[in-house]
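Residue numbers (the working numbering), protein chains in the order written: chain A, 100 to 960; chain B, 100 to 960.
First comes the structure, then the notes that go with it.
Number of protein chains: 2
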Amino acid sequence: MNKFVYSFTEGNKSMKSMLGGKGANLAEMKKIGLPVPAGFTVTTEACNKYYEDGEEIETHIVDEILEHVAKIEEETNKVLGSNENPLLVSVRSGAAISMPGMMDTILNLGLNDETVKVLWEKTNNKEFAYDCYKRFIQMFSDVVLGIEKYNFDSINNNEDDIEVIIEQYKKIVKKETKKEFPQDPKEQLMMAIRAVFDSWNNQRAIIYRKINNIPDEIGTAVNVQAMVFGNMGETSGTGVAFTRNPSTGEKVLFGEFLTNAQGEDVVAGIRTPKDISELRDVMPELYEEFVGITKLLEDHYRDMQDIEFTFEDKKLYLLQTRTGKRTAKAAIKIATDLVEEKVINKEEALLRIEIDKLDQLLHPTFKEDFLKDATKMAKGIGASPGAASGRVYFTAEDVVREAEKGERIMLVRQETSPEDIEGMIKAEGVLTVHGGMTSHAAVVARGMGKCCVVGCGELSINEKAKTLTANDIEIKEGDYISIDGASGVVYKGLVETEATKLTDDFETIMNWADEIKRLGIRANADNERDAKVAIELGAKGIGLCRTEHMFFDEERINTVRHMIIAEGIEERKEALDKLLPFQRKDFVEIFNVMKELPVTVRLLDPPLHEFLPHGEEDIKNLSQILGYDYEMLKERVESLKEFNPMLGHRGCRLAITYPEIYVMQVRAIMQAAIEVSKSNEFTVNPEIMVPLVGDVTELKIIKDLIINEIEKVFEEEDVRIDYKVGTMIEVPRAALTSDEIAEEADFFSYGTNDLTQTTLAFSRDDSGKFINEYRNKNIFEKDPFEVLDTKGVGKLIEISSDLARKTKKNIKLGVCGEHGGNPQSIEFINKLDIDYVSCSPYRIPKARLASAVAVIKEKNR
Amino acid sequence: MNKFVYSFTEGNKSMKSMLGGKGANLAEMKKIGLPVPAGFTVTTEACNKYYEDGEEIETHIVDEILEHVAKIEEETNKVLGSNENPLLVSVRSGAAISMPGMMDTILNLGLNDETVKVLWEKTNNKEFAYDCYKRFIQMFSDVVLGIEKYNFDSINNNEDDIEVIIEQYKKIVKKETKKEFPQDPKEQLMMAIRAVFDSWNNQRAIIYRKINNIPDEIGTAVNVQAMVFGNMGETSGTGVAFTRNPSTGEKVLFGEFLTNAQGEDVVAGIRTPKDISELRDVMPELYEEFVGITKLLEDHYRDMQDIEFTFEDKKLYLLQTRTGKRTAKAAIKIATDLVEEKVINKEEALLRIEIDKLDQLLHPTFKEDFLKDATKMAKGIGASPGAASGRVYFTAEDVVREAEKGERIMLVRQETSPEDIEGMIKAEGVLTVHGGMTSHAAVVARGMGKCCVVGCGELSINEKAKTLTANDIEIKEGDYISIDGASGVVYKGLVETEATKLTDDFETIMNWADEIKRLGIRANADNERDAKVAIELGAKGIGLCRTEHMFFDEERINTVRHMIIAEGIEERKEALDKLLPFQRKDFVEIFNVMKELPVTVRLLDPPLHEFLPHGEEDIKNLSQILGYDYEMLKERVESLKEFNPMLGHRGCRLAITYPEIYVMQVRAIMQAAIEVSKSNEFTVNPEIMVPLVGDVTELKIIKDLIINEIEKVFEEEDVRIDYKVGTMIEVPRAALTSDEIAEEADFFSYGTNDLTQTTLAFSRDDSGKFINEYRNKNIFEKDPFEVLDTKGVGKLIEISSDLARKTKKNIKLGVCGEHGGNPQSIEFINKLDIDYVSCSPYRIPKARLASAVAVIKEKNR
């Protein structure tokens with residue numbers, strides 16, 4: 100028979116999937132001789148079995164649990180429910196992947212009307228004993244019995260006689276559950292374990308897993324552990340510490356503690372804890388012991404640790420250690436430091452960085468100029484760096500509602516709880532009055548890379564009036580505030596932001612990634628500004644320069660419209676001639692930034708009617724500007740409408756019917772390339788890309804057109820430069836006939852956005868109506884527009900690249916859809932015979948790192 | 100060195116690709132001893148070389164030609180240009196594939212101012228000699244010198260002195276070409292040969308090749324042959340005869356002749372020729388000889404022959420024989436007769452029938468007499484064959500109203516939508532300005548076997564004035580027009596039609612086809628009437644029964660609309676409950692016709708908004724009928740609109756979000772199947788098909804839903820019947836993951852219409868804007884919605900069927916797109932491991948024959 104329960108003495112850190120992270124690490128600490136209270140872990144398998152068995156714990160598992168309780172009793176010399184020496188235990192959840200605050204914890208289990216008295220007697224501390232019992236009833240009621248917290252709000256906690264308070268608590272339990280509060284500790288224990296199993300499927304845990312891509316099937320373990328008490332007076336306490344600063348990565352012990360408190364008090368943020376360094380002053384020996392242990396743990400785990408501890412009457416106990424969550428900035432510093440300290444190698448360092456969090460480093464900070472004039476309103480603790488502005492709302496629901504209107508919203512709360520998750524996701528930033536660096540708000544916001552300030556006690560929230568005040572400044576619901584998640588400063592009003600500067604450590608990491616990665620990285624950029632960002636962030640070229648955005652410029656749009664509605668080729672050419680200098684200027688600017696790096700310019704792609712005016716008013720205006728008859732113009736606009744524009748008259752189909760458009764664009768590109776090359780030391784490297792090709796003949800016809808025009812430009816300018824002509828592969832037929840198309844192409848670029856639309860027959864613009872249902876029903880694990888659908892789209896890319904290489908071994912192959920910046924997709928692309936990926940400029944660091952990680956993972960496999 | 104010229108004595112009928120059809124058959128006739136004037140053929144290779152060499156005939160080919168002239172001179176004892184015994188020759192084109200009338204012919208070459216006199220002397224017939232010279236100058240001027248015929252109109256051919264006429268002709272030549280009419284016969288000959296080569300690329304030849312799918316690269320041969328003269332008096336003459344009647348197939352000699360005439364006279368129609376039987380009276384011996392030769396030729400070629408002959412002073416010469424073109428009716432009769440006569444076997448008989456022409460037998464045609472006088476107004480795409488006349492109306496409502504008065508009505512629309520269905524049913528024919536072979540109008544009309552012309556861009560509809568105009572012809576509402584659904588021609592006014600009856604020979608051919616073919620043939624049918632036609636024409640099941648057409652019925656549409664806009668599942672179910680009896684009735688009717696044959700019912704497919712009212716007025720009406728708030732209804736209709744409905748919320752995606760719709764449909768199908776099976780000797784064979792599946796999980800979820808509902812019905816009815824659940828494969832991703840999808844499917848049906856749209860990223864409804872340009876530029880040889888795109892869509896089907904068979908060896912695979920009725924596509928499908936094709940009822944005979952022909956061709960390869 101399977102073993103479903105493990106003593107801490109039986110496990111080790113490699114058993115996470117069975118014991119959960121917490122259980123495995125408690126066992127590991129026990130193994131290396133650290134002071135861990137006795138306990139055991141009910142495995143994740145037991146949790147899964149519980150669900151398989153219709154939410155029942157089988158008898159033999161119950162027996163196994165009770166056997167292990169007996170072992171704790173033996174080790175502690177206490178007995179559960181004993182009226183002489185009662186054992187109290189904590190019951191905590193712990194999945195293989197950390198889900199902080201998502202599931203439930205119960206402390207002080209084992210207390211009842213009798214044992215509480217024994218505890219009082221033994222500690223000679225009635226206050227303490229009944230405080231424990233009160234906490235226990237409260238937690239048990241909330242977590243196990245499902246009695247909402249507000250039911251207890253009416254109780255006056257200032258009542259002198261704590262026994263009276265306890266009676267009131269128990270009455271509420273009786274009223275709500277129609278039963279007495281359970282007095283049998285074994286019954287309490289089994290109920291608590293069931294409740295932890297149940298909490299695996301509470302709403303916030305499900306959402307957290309979805310957001311963090313944690314599989315639903317892994318289940319949670321349950322840790323049952325002898326209690327030690329941080330709330331046994333001023334020589335007791337509890338705290339949390341990181342072996343390095345989780346916000347900056349600096350190598351200093353970083354943490355907080357509270358005396359005379361239990362763990363929840365630190366996390367809940369009701370009392371503001373003290374900095375860990377102050378522990379030295381209070382209890383120097385204990386502090387030194389703790390510091391020694393933190394070093395030992397970091398060395399042992401070879402990574403920054405997040406450690407929970409409690410001291411009971413000056414005796415230190417460790418309750419948890421785990422790899423500490425950190426900001427991207429800290430992750431990078433810690434990784435580079437650990438390499439320097441020779442603890443890990445470069446490859447390990449790269450694997451240590453959460454790729455998706457790199458975005459944080461690129462997040463904006465406030466513009467200095469604006470900051471000068473900004474009104475400081477208050478200062479709290481900077482809990483998750485970045486800068487954010489938004490309209491103030493005081494509940495998660497309000498935030499969600501307003502954010503969905505497209506507003507930038509700031510969530511402001513006394514403190515956050517797991518129920519606020521959705522509001523936190525939708526908010527630009529999070530601000531709380533209470534709580535410290537390890538409060539719920541801080542931990543979750545850092546995990547999300549969301550700007551967050553906590554513990555801003557100067558602020559006061561009036562929930563009725565819906566106002567926020569501090570230092571005589573009043574902010575009403577809906578007004579703007581701005582917060583600095585690094586410094587903790589809160590500003591009145593909107594403060595403009597700008598991009599951050601990157602650190603040397605960041606450069607180091609990126610360089611290591613570049614040494615290891617195989618894929619080239621390019622940017623999707625269609626203007627000078629984006630091109631500059633791309634270069635700064637390490638792009639080695641532009642993989643997709645769209646030309647249609649340039650057409651939307653206010654100065655040009657009416658000329659574009661003229662070109663579209665032109666009657667016949669002559670009129671169209673006239674309009675195109677006017678557009679030529681604009682396009683040339685665009686390319687000159689981009690080429691000047693990119694220098695000799697390749698720039699892949701995609702010729703006009705979208706359906707023409709996208710450029711046309713829509714309302715009656717717009718059409719009237721345009722008819723006046725162009726001197727067209729209104730009715731005629733309206734009819735022409737009407738006739739350009741399409742049923743399915745995505746599959747309509749667009750891409751290279753435009754050039755098959757109106758070749759003159761591409762001719763103009765090609766002329767602009769080559770004139771610009773020559774102009775820039777002539778006045779510089781470098782030679783521009785243009786790559787002309789034809790979109791939406793489905794058949795080699797299309798490409799052949801258009802390529803002839805392109806080459807013909809380029810030859811004209813060369814003759815006029817009396818100079819030649821190298822160039823390439825290639826095509827997007829974004830239509831399934833193009834992928835399937837890539838052997839033929841490769842004959843005519845110098846390069847392919849997989850346009851995975853469109854290829855996803857056609858391969859799945861999924862309109863990006865319309866899938867909103869059903870995509871949620873598709874994710875809920877697990878038809879798609881991920882949104883296929885975010886993560887490449889490897890089975891369909893990926894397979895086509897594989898078929899295509901194989902066919903293309905057969906025809907032309909050295910054809911250059913790239914991916915330029917959104918997936919080019921998605922780590923999971925990059926891992927897949929890295930396995931194919933693809934030369935580069937191209938993504939939006941701010942995703943380039945992610946792409947560089949992801950490409951390196953893909954290589955490392957491939958090697959480690 | 101290659102040989103570029105062949106004497107008739109050197110060739111035979113198997114050398115068509117080199118000698119052209121005419122040249123090869125002249126050689127063959129020579130070989131079997133028939134009286135063919137001496138001559139030679141300049142090969143098609145010489146023609147291709149001519150184009151390769153920049154439209155020059157190389158010297159060595161010129162030499163080769165002259166050597167062969169010498170051989171004719173030797174054989175005839177005449178000499179080109181001789182003033183004693185001048186040789187005259189004809190110069191005729193002749194490609195490997197017959198292109199009647201498309202290229203040029205020159206007779207009497209060799210005549211000049213001198214030789215004409217010799218001819219006069221030798222024949223003692225001045226009239227004859229100068230008539231020949233005149234004809235020669237005329238033809239040579241037209242064909243070789245490019246002088247338009249009207250230039251000669253001013254000449255009075257009644258002038259007594261024919262020499263004067265000749266002089267006038269020559270003057271015009273001089274005036275137009277600035278040169279004298281060439282007098283050197285060898286120069287004449289080389290000029291004529293070049294002109295024939297050039298005629299390969301004249302406009303009408305290019306168009307003819309495009310229409311008839313003749314490759315441009317094959318080139319034409321040139322036949323040079325000693326002249327014989329049918330215009331040498333009343334004992335001379337010329338004629339054309341078919342060995343059987345080309346219109347009916349009857350086995351009687353069928354032809355015409357003229358005495359004292361050259362070939363052109365028969366064709367040109369200036370003199371009315373006599374029936375061939377009259378030749379017996381005029382020249383009985385010659386007639387008998389000719390009849391003998393025609394029999395010999397038919398026996399020799401084993402097929403009906405089309406023979407050109409000339410007699411010069413009672414001596415018979417054969418100038419051409421070829422397989423005679425024939426109507427579908429004649430083709431069938433001749434083929435069955437030849438089998439009966441044991442001349443050919445069944446397989447050969449099937450190969451003899453032009454599959455595309457079978458349509459002729461199933462649809463009414465215009466009466467020849469009326470067609471002669473009809474005024475052509477415009478030409479569109481013949482989308483559904485047949486001939487129809489009716490009064491023009493521009494809306495479905497008007498059509499319904501007028502048709503109910505007993506009028507024959509033509510529905511004329513920009514394009515049709517599902518709301519026009521009733522109008523289409525009531526109309527004689529459908530004509531649309533937009534759309535292609537698979538537009539809504541085309542697909543639905545073909546399904547109905549209704550005559551239809553689409554994409555007639557020359558037409559313009561003025562909806563206000565209610566007029567239809569094209570090429571200066573204006574048709575008012577209520578006026579007659581007539582359309583030819585095969586050729587796409589639109590005629591002004593009423594052209595009378597006649598129905599065709601299917602003959603026993605037709606049945607014989609179909610039975611032979613069934614004996615040979617491998618593919619099963621099913622019909623696309625969604626009502627009783629279509630099902631009956633399908634059975635009559637030989638369908639062995641329904642491969643695609645669409646369920647959405649049933650929803651458009653006037654009685655039901657408002658309930659359907661209610662179902663769509665319902666708030667929440669309960670209200671939706673209420674509406675669905677009302678629809679259930681209607682759907683059940685539909686299926687009862689169909690099952691009663693189809694009996695135990697399989698009926699594949701596709702569950703609801705189109706985007707829901709297609710069913711909703713569009714105009715303000717319609718929305719108002721509906722809001723009153725359903726008791727909904729107008730604004731709310733309008734908003735709901737608005738919210739259902741999609742950018743790309745083809746890729747939107749449709750197909751099985753509807754069932755993922757609103758499972759209750761499919762539940763109702765499945766219940767209707769199974770209740771109907773049980774009802775019909777209970778009251779008959781047979782058991783209905785329903786196959787339930789899920790559309791637009793892209794991932795196996797979609798199918799799995801919906802299949803569970805289906806089976807669950809079916810089990811309920813079985814329990815309620817206390818009976819079980821066999822059924823299948825399968826899926827359409829119409830999304831590329833489904834094709835690419837067919838190994839997974841096959842796990843959950845009893846059958847696949849390739850929906851090649853949608854698969855073409857997604858694989859090519861070509862919207863059926865929008866491709867009209869560029870598809871013509873695509874065909875003109877030879878990007879697509881054929882409209883991919885008409886002929887299966889084998890390289891893209893075909894490849895996906897191949898990938899899919901291979902994957903599916905790997906998972907489930909016996910999975911049933913069918914094709915139910917429009918291509919299922921297209922012979923060329925069937926040939927491709929036959930090669931794959933596909934079980935059946937399904938097509939609209941009237942295409943079933945074509946599909947049966949094409950499937951057999953595919954097998955025969957495969958075997959012969």
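C-beta: ideal position from N, C-alpha, C; glycine also.
Tell me which same chain residues have a C-beta within less than 8 Å of the C-beta of residue i, skipping the five on either side of it?
| i | result |
| --- | --- |
| residue 831 of chain B | 854, 857, 858 and 895 |
| residue 459 of chain A | 426, 427, 428, 484, 485 and 548 |
| residue 927 of chain A | 887, 889 and 893 |
| residue 774 of chain A | 683 and 687 |
| residue 806 of chain A | 824 |
| residue 273 of chain B | 279 and 280 |
| residue 474 of chain A | 572, 590, 591 and 592 |
What does a CB cutoff of less than 7 Å around residue i pick up in its chain, not counting 5 residues either side in sequence?
| i | result |
| --- | --- |
| residue 759 of chain B | 668, 671, 672 and 675 |
| residue 306 of chain B | none |
| residue 593 of chain B | 488, 579 and 581 |
Check each candidate in the options and name the one with the smallest Cα separation from residue i.
| i | options | result |
| --- | --- | --- |
| residue 962 of chain B | B/734, B/715 and B/650 | Since the first and last residues shown for chain B are 100 and 960, residue 962 of chain B lies out of range. |
| residue 128 of chain A | A/946, A/845, A/554 and A/394 | A/394 |
| residue 864 of chain B | B/516, B/528 and B/749 | B/516 |
| residue 487 of chain A | A/729, A/566 and A/511 | A/511 |
| residue 525 of chain B | B/502, B/738, B/406 and B/577 | B/502 |
| residue 363 of chain B | B/445, B/449, B/206 and B/444 | B/206 |
| residue 738 of chain B | B/708, B/756 and B/763 | B/708 |
Buried or exposed for residue i, going by 16 or more other Cβ atoms inside 10 Å?
| i | result |
| --- | --- |
| residue 580 of chain B | buried |
| residue 255 of chain A | exposed |
| residue 158 of chain A | exposed |
| residue 917 of chain A | buried |
| residue 376 of chain B | exposed |
| residue 535 of chain A | buried |
| residue 351 of chain A | exposed |
Using 8 Å for Cβ pairs, my map puts residue i next to residue j. What's the rounded Cβ distance?
| i | j | result |
| --- | --- | --- |
| residue 584 of chain A | residue 552 of chain A | 6 Å |
Tell me which same chain residues have a C-beta within less than 6 Å of the C-beta of residue i, skipping the five on either side of it?
| i | result |
| --- | --- |
| residue 437 of chain B | 443 |
Secondary structure, beta strand (DSSP E): runs of 3+ residues fully inside the region 462-526 of chain B: Secondary structure remark: continuous beta strand (DSSP E) runs of at least 3 residues inside the region 462-526 of chain B, in chain order: 474-478, 480-483, 486-492 and 508-512.
Sequence ranges, beta strand (DSSP E) only - wholly within the region 833-877 of chain A, length at least 3: You should have 846-849.
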